[in-house]
Every structure is written in C-alpha cells, then in structure tokens.
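With mature numbering (1 follows the signal peptide of the UniProt record, and there is no 0) applied, the sequence shown covers -21 to -1, 1 to 169.
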Amino acid sequence: MRTQHLAIRVGALALSGAALAVYGLSATPSSPLAGTFPVRTASQETPITPLATISRTQVLANARTWHPHTAMRVPYSQSRTHDGYRTDCSGYASMALELGRPGLNTVGLAGPSVSTRIAMSQLQPGDLVIDATGTADTRHVVIFEKWANTAHTSYWEYEQRGGYGTDYRTRDYGLSSGSQFHAYRPRKLT
C-alpha cells in the first residue's frame, strides 16, 4: 500500500513537471521574476487560433482603457501587471490586441505567427510600429491610431513608456530612413 502511494505521488510529480514544460515554465525560476512574470516569445505563447479576430476599433478602445495621458494612467513597469498584463509597452500592446496574458514581448509581437511586416505608408488604426532589435530596455512598440497630417510626417499613437506610463501623443518612429522601427499588421485584425 505504501509503495502504491509513493508511485502515485511520483507519477503526479512527473505529470506536473510535464505540464510546466509544455507551457515553457520552470519549477525553479532562472531569475527572481521568471516564475512571476514569464516573458514569452510567439513560439512559446499558447498558439493563437487563426479564427480569433479583433476589430481595429476594439484595439483602440482597449488601448484607451489604461487612461492614456491622464492622471489615472497605468504606471510603466516591466515586472508588474494590470489586469494580468505586464505594464510595459509589449504587455500593453498585447492587452489591446487581446493576446494571452501576461503578454508577448516586442520580438514576439513582430513574429510571423502574430503579425506581418508592412510599409509605413500602409499603416491603419490598430497596426503596430515596433523596434524589435536590441535589449528588453531598448526595444519598443506603439499602437498606431491615425496620421497627424496629410504629409504623413507624424502619427497619433498609444504607448506604454518608461518614466510615464500610458500615453497618447504624436510620434515619428519609423518614418526616417535607417530607423529600427517598422510597421506590422497583427494577423488577428479584421
């Protein structure tokens, strides 16, 4: 009987480890925040159902729920969450797109399973402008809303930025030659 209980416990432990492995998690975090806020790339995230869609209007409505450019804006942090999403730029974009919690990182958002690179001139409401190169401290993503002028020299965007939090302002990321920012169209946009 004791051997049978031990076998059941060992089996349950093995199944728990297998379940953690399937989701890319570890029983022993490699960093203090790894177990609390796992940052996943597109390949590690739960696959997005091809039929799961979201309208451009809904993406922008979701972006406004974090009260950009107001006293009630969500503070920026790479280690905290709001409604289950990291409160950094990629967690904010993931929330607006209704991707899995805690959100993809910028590299994951730019990945081919999540978005398609487009020309800056093709930007439409809800598209993303992403710098996916560099480190977690230098990469960035913003949510495009509309062109600020007919010359298309700047645009209105939503972003979660360090030292401030949720913001709504005009930017020109990606519009100068040699910029590391590029336009991306999320695959689930309708």
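From the three backbone atoms N, C-alpha and C, an ideal C-beta is built for every residue, glycine too.
Computed from a predicted model, the values in this text were never measured in an experiment.
Exercise. Take Tyr64 and list the residues in its own chain whose beta-carbon comes closer than 8 Å to its own, dropping the five residues that flank it on each side.
Key: Gly70, Tyr71, Ser73, Met74, Arg80, Pro81 and Gly82
Quiz item: By how many angstroms is the C-alpha of Gly144 removed from the C-alpha of Arg138?
Solution: The residue asked about is misnamed: residue 138 is Glu in this sequence, not Arg. About 8 Å.
Quiz prompt | Host beta strand (DSSP E) of Leu107 (start-end) | solution = Leu107 to Asp110
Practice problem: Give a yes or no on contact between the stretch 140 to 160 and the stretch 45 to 52, applying the rule of three or more CB pairs nearer than 8 Å. | Solution: Touching, yes.
Self-check item: Residue environment, Gly105, which counts as buried when at least 16 other CB atoms sit within 10 Å
Solution: By the 10 Å Cβ count, Gly105 comes out buried.
Self-check item: Per-residue DSSP class, three states only, for Leu39
Solution: helix
Quiz item: From Ser133, Ile97 and Ser56, pick the residue whose C-alpha is nearest to that of Asp151; which is it?
Solution: Ser133
Quiz item: Considering only C-alpha positions, which residue in the set Gln37, Thr32, Ser34 and Cys68 is nearest to Gly141?
Solution: Cys68
Quiz item: Between which two residues does the beta strand (DSSP E) containing Ser94 stretch?
Solution: Ser94 to Ile97
Quiz item: Should the stretch 81 to 98 be regarded as contacting the stretch 110 to 125, the criterion being three or more beta carbon pairs within less than 8 Å?
Solution: yes
Self-check item: Residue range of the alpha helix (DSSP H) that includes Tyr55
Solution: Careful: Tyr55 lies outside any alpha helix (DSSP H) and carries neither H nor E.
Quiz prompt | Among Thr60, Ala98, Thr32 and Glu136, the one whose alpha carbon lies nearest that of Arg43 | solution = It is Glu136 whose Cα lies nearest to the Cα of Arg43.
Exercise. Confirm, please, whether the CB-CB distance from Lys125 to Ile33 is below 8 Å.
Key: In this structure, Lys125 does not lie closer than 8 Å to Ile33 by Cβ.
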